[in-house]
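>
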Amino acid sequence: MKNIMKKSMFGLALGFLFATAQGAETLSKTETFDLAFPGGPPAKLVEAIEKASGQKLNVLLPPNLSTSAIPRMELRSVNVSTVFNSLNLVLMQDENLRWFPVDNVWILQSGSERRSSQVFYVGHLLTKFKVEDITTAIQTTWQLAGKGSKAELKYHQDTQLLIALANQAQLETVSEVLRELQRALAPAGPAMEGIGTHKVPQDLPKP
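For the sequence shown, the numbering used here begins at 62 and goes up steadily by one.
#1: State the CB to CB distance for the pair Leu158 and Leu118, rounded to an integer number of angstroms; the pair is presumed to be in contact (CB under 8 Å).
#2: Determine the burial state of Ser236: buried for a count of at least 16 other Cβ atoms within 10 Å of its Cβ, exposed for fewer.
#3: Can the beta-carbon of Val151 be found less than 8 Å from the beta-carbon of Ser114?
#4: Would you be able to state if there are at least three C-beta pairs under 8 Å between the region 233-247 and the region 186-201?
#5: By the three-class DSSP mapping on this structure, what secondary structure does Glu111 have?
#6: For Ala104 and Leu148, I'd like the C-alpha separation in whole angstroms.
#7: According to DSSP, simplified to helix, strand and coil, what is Val166?
#8: I need the straight-line Cα distance from Gln170 to Gln221, nearest angstrom please.
#9: From the DSSP output, read off the bridge partner residues of Glu135.
#10: Taking 8 Å as the cut-off, does the region 180-193 touch the region 128-141 (at least 3 CB pairs, one atom from each stretch)?
#11: At the level of alpha carbons, what is the spacing between Phe79 and Ala227?
#12: Which partner residues does Leu213 have in the DSSP bridge list?
#13: Determine whether the beta carbon atoms of Arg133 and Phe161 lie at a separation below 8 Å.
#14: Of all the options Gln218, Val163, Ala230 and Lys211, which has the alpha carbon lying nearest to the alpha carbon of Tyr182?
#15: Would DSSP call Arg159 helix, strand or coil?
#16: For Ala212, count the other beta carbons within 10 Å of its own beta carbon; 16 or more makes it buried, fewer makes it exposed. Which is it?
#17: Name the DSSP beta bridge partners of Leu121, please?
#18: Go ahead and pull the three-state DSSP assignment for Val180.
So this is what it looks like as structure tokens:
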């Protein structure tokens, strides 16, 4: 009788292990997915992941971060954790954002500001452009590059200084825009003058 019971328990254990192995194998096949996301706000990314993975996500999105820009991505054979952790490497540099896991909940958080201030003299540009033209050009470039969040511009009229409070990438953008605007003011350099002409010395002795 005891042998029969032992054999029955052994058989049940084998059956349980076999079923568990099958379940794990099925899970490993279904937990990865391909993701095509055209870019957009965090809520749209969550929708795209849920559609691609076939599972509902536990996500918390603070209202003040609802319009944050998530970049375009084309991923193959990934899981939810891989998507968010890889995305953090990009968002921490450009948007100071990160997806933080708490058990099975993903929370979008704002990282450290990492902003610094820098001043730019723009008085020479005001002979051709208005201050609004300059600041609009900078802000538009920030927005197109997805780098406009939490960056600030202030103009000090008495000193004609443009003060920027932004991260390093945004400050570099300010410098680039001002350099391009400077080119609109720069006259033709010495190398451009006299191209196609030849000046004859006026003090040549007469024959």
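C-beta atoms are modelled at their ideal positions from N, C-alpha and C, and glycine is treated no differently.
According to the structure data:
#1: Taking the sequence shown and counting its residues from 1, the one referred to as residue 158 is at position 97. Taking the sequence shown and counting its residues from 1, the one referred to as residue 118 is at position 57. About 17 Å; that fails the 8 Å criterion.
#2: As a first step, residue 236 must be located in the sequence shown, where it is residue number 175. Classification for Ser236: exposed.
#3: Counting from one through the sequence shown, the residue named residue 151 turns up at place 90. Counting from one through the sequence shown, the residue named residue 114 turns up at place 53. No, they are not a contact pair.
#4: yes
#5: Position 50 of the sequence shown holds residue 111. Glu111 falls in the helix class under three-state DSSP.
#6: For this step, residue 104 is matched to residue 43 along the sequence shown. For this step, residue 148 is matched to residue 87 along the sequence shown. Looking at the two C-alpha atoms, the distance is approximately 15 Å.
#7: On the sequence shown, position 105 is the one that residue 166 refers to. DSSP places Val166 in strand when its eight states are reduced to three.
#8: Position 109 of the sequence shown, counted from the first residue, corresponds to residue 170. Position 160 of the sequence shown, counted from the first residue, corresponds to residue 221. When rounded, the distance between both Cα atoms is 37 Å.
#9: Reading the sequence shown from its first residue, position 74 is the one you call residue 135. In the DSSP secondary-structure assignment, Glu135 is bridged to Ala97.
#10: no
#11: Along the sequence shown, read from residue 1 onward, the residue named residue 79 stands at position 18. Along the sequence shown, read from residue 1 onward, the residue named residue 227 stands at position 166. Unreliable positioning characterises Phe79 in this predicted model, as indicated by a pLDDT of 38, which lies under 50. The coordinate reading is nonetheless provided below. Using only the alpha carbons, I get a separation of about 57 Å.
#12: Mapped onto the sequence shown, residue 213 falls at position 152. Sequence inspection shows Glu at residue 213; the Leu mentioned does not correspond to that position. In DSSP, Glu213 forms a bridge with Leu226.
#13: Here residue 133 refers to the residue found at position 72 when the sequence shown is read from its first residue. Here residue 161 refers to the residue found at position 100 when the sequence shown is read from its first residue. Cβ atoms of Arg133 and Phe161: not closer than 8 Å.
#14: Within the sequence shown, the letter at position 121 stands for residue 182. The alpha carbon of Tyr182 has as its nearest neighbour, out of Gln218, Val163, Ala230 and Lys211, the alpha carbon of Gln218.
#15: Numbered from its first residue, the sequence shown carries residue 159 at position 98. Correct three-state label for Arg159: strand.
#16: Here residue 212 corresponds to residue number 151 of the sequence shown, with the count starting at 1. Ala212 should be labelled buried.
#17: For the purposes of this step, residue 121 is taken as residue 60 along the sequence shown, with counting starting at 1. Its beta-bridge partners are Ile168.
#18: Walking along the sequence shown from the start, residue 180 turns up at place 119. In this structure, Val180 counts as strand in the three-state DSSP scheme.
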